[in-house]
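Residue 263 in our numbering sits at position 181 of the sequence shown; the count goes up by one each step and never skips.
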Amino acid sequence: MRIPSFDEIEIRNILELQATRQIPYAKEEIVTDFKVLEQSRDGFSDVFFAIVHQDVIKKRLDILFSLGINAGVVSISTDSEWSWFLKQNIENIKSPFAILDVGDLNAEVIIARESSFQFSRSFSYKHDNPVKFIEELKVTFSSYASESDIKIEEIIISGQEEEIADISQLIESELNLPTKKFQQSEKIMFPDGSKMDTGLFKKDSFNSLLGCVFNPTALSLNFVPKSIVFTRQMKAIRRNLYIFMFLFVATLISASLICYVKIKEKNDFYSKIDSRLKLIEPEVSKLNKITK
Numbered sequence: 083m084r085i086p087s088f089d090e091i092e093i094r095n096i097l098e099l100q101a102t103r104q105i106p107y108a109k110e111e112i113v114t115d116f117k118v119l120e121q122s123r124d125g126f127s128d129v130f131f132a133i134v135h136q137d138v139i140k141k142r143l144d145i146l147f148s149l150g151i152n153a154g155v156v157s158i159s160t161d162s163e164w165s166w167f168l169k170q171n172i173e174n175i176k177s178p179f180a181i182l183d184v185g186d187l188n189a190e191v192i193i194a195r196e197s198s199f200q201f202s203r204s205f206s207y208k209h210d211n212p213v214k215f216i217e218e219l220k221v222t223f224s225s226y227a228s229e230s231d232i233k234i235e236e237i238i239i240s241g242q243e244e245e246i247a248d249i250s251q252l253i254e255s256e257l258n259l260p261t262k263k264f265q266q267s268e269k270i271m272f273p274d275g276s277k278m279d280t281g282l283f284k285k286d287s288f289n290s291l292l293g294c295v296f297n298p299t300a301l302s303l304n305f306v307p308k309s310i311v312f313t314r315q316m317k318a319i320r321r322n323l324y325i326f327m328f329l330f331v332a333t334l335i336s337a338s339l340i341c342y343v344k345i346k347e348k349n350d351f352y353s354k355i356d357s358r359l360k361l362i363e364p365e366v367s368k369l370n371k372i373t374k
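Following this line, the structure appears as structure tokens:
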């Protein structure tokens with residue numbers, strides 16, 4: 083989407099207003115986030131905008147919370163798959179390019195230029211229907227072309243590893259586009275230097291999960307609802323207030339104890355002097371009489 087502003091707060095307000103006009107949900111029922119892709123000299127920002135229903139997010143957060151996990155970031159597969167792609171450091175890619183993440187029953191296409199994704203679309207498919215698979219790819223590329231009028235130069239394929247080679251040949255023959263492949267497990271290394279067993283990755287795609295685990299700092303979208311963020315912030319404020327009060331009381335008690343000890347030591351010192359004076363008082367009296 084193109085938004086006539088560079089200010090992120092203004093962009094967010096415009097997008098949230100557009101969201102409530104285009105979908106049958108109230109503003110309070112949805113969670114939105116965006117990523118600025120490009121800013122033009124004429125004052126417009128090209129943004130990637132995503133909308134998720136709050137119930138979808140809360141159900142997953144509740145599952146994690148029941149396991150004792152408080153998720154700080156909730157993103158979408160496009161964002162996490164892109165973060166895993168960035169970890170691959172694939173060289174000599176023609177731009178704009180598409181990343182095709184092939185799963186067992188569905189596939190996701192992410193279209194990117196240079197160092198930022200621009201567009202994404204998911205579709206379901208069956209392995210025994212290559213014609214339908216190619217049709218879905220054509221629809222995806224046509225949808226992107228209608229928005230940007232730019233042709234895809236190359237396709238990067240990953241995901242279900244036992245299907246990647248066949249899909250690569252299919253795309254090159256049917257769409258006449260060059261392809262590159264990367265194994266989703268290639269960059270996974272254990273601390274001892276050993277690699278993960280790749281058998282798990284032959285049957286399905288785990289790119290989105292791998293991106294969250296191994297490159298979380300690259301995630302640019304977050305769909306944790308504002309109400310949950312506010313609740314967590316209030317809990318953090320209360321926790322910090324309790325800590326402050328505890329430290330204040332502990333400091334006050336410590337200071338009081340120190341003062342008490344110092345006063346007691348001083349009183350004990352004076353008491354010893356007084357006792358000593360009383361012991362030598364008779365001798366002092368005798369001396370006074372002699373001197374007189």
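A virtual CB, placed ideally from N, CA and C, is assigned to each residue, including glycine. Note that this is a predicted model, so its numbers are computed, not measured.
With a cutoff of 8 Å on beta-carbon distance, A101 and I139 are scored as not near each other. Counting C-beta atoms within 10 angstroms of its own C-beta, D248 has fewer than 16 neighbours from the protein chains shown and is therefore classed as exposed.
If you look at G241, you'll find it in the beta strand (DSSP E) that goes 236-241.
Boundaries of the alpha helix (DSSP H) around A247: 246-256.
About 6 Å separates the CB atoms of L303 and I158; that is less than 8 Å, so the two are in contact. Residue nearest to I237 within the set N95, I246, F312, S230 is I246 (criterion: CA-CA distance). When C-beta atoms of the segment 320-333 are compared with those of the segment 185-196, fewer than three pairs fall below 8 Å, so the two segments do not count as touching. Assignment of L143 by DSSP, reduced to helix, strand and coil, places it in the helix class. By alpha-carbon distance to E196, the top candidate from I325, K176, F205 is K176. For S240 against Q200, the beta-carbon gap comes to about 18 Å, at or over 8 Å, which does not count as contact. Contact check between the segment 284-291 and the segment 158-170: three or more CB pairs, one atom from each, fall below 8 Å, which counts as touching. Where E92 is concerned, the enclosing alpha helix (DSSP H) starts and stops at 90-104. DSSP, read as helix, strand or coil, puts S159 in helix. According to DSSP, V191 shares a beta bridge with L182, R203. Leaving aside the five residues that flank E173 on each side, none in its chain has a CB nearer than 8 Å to its CB.
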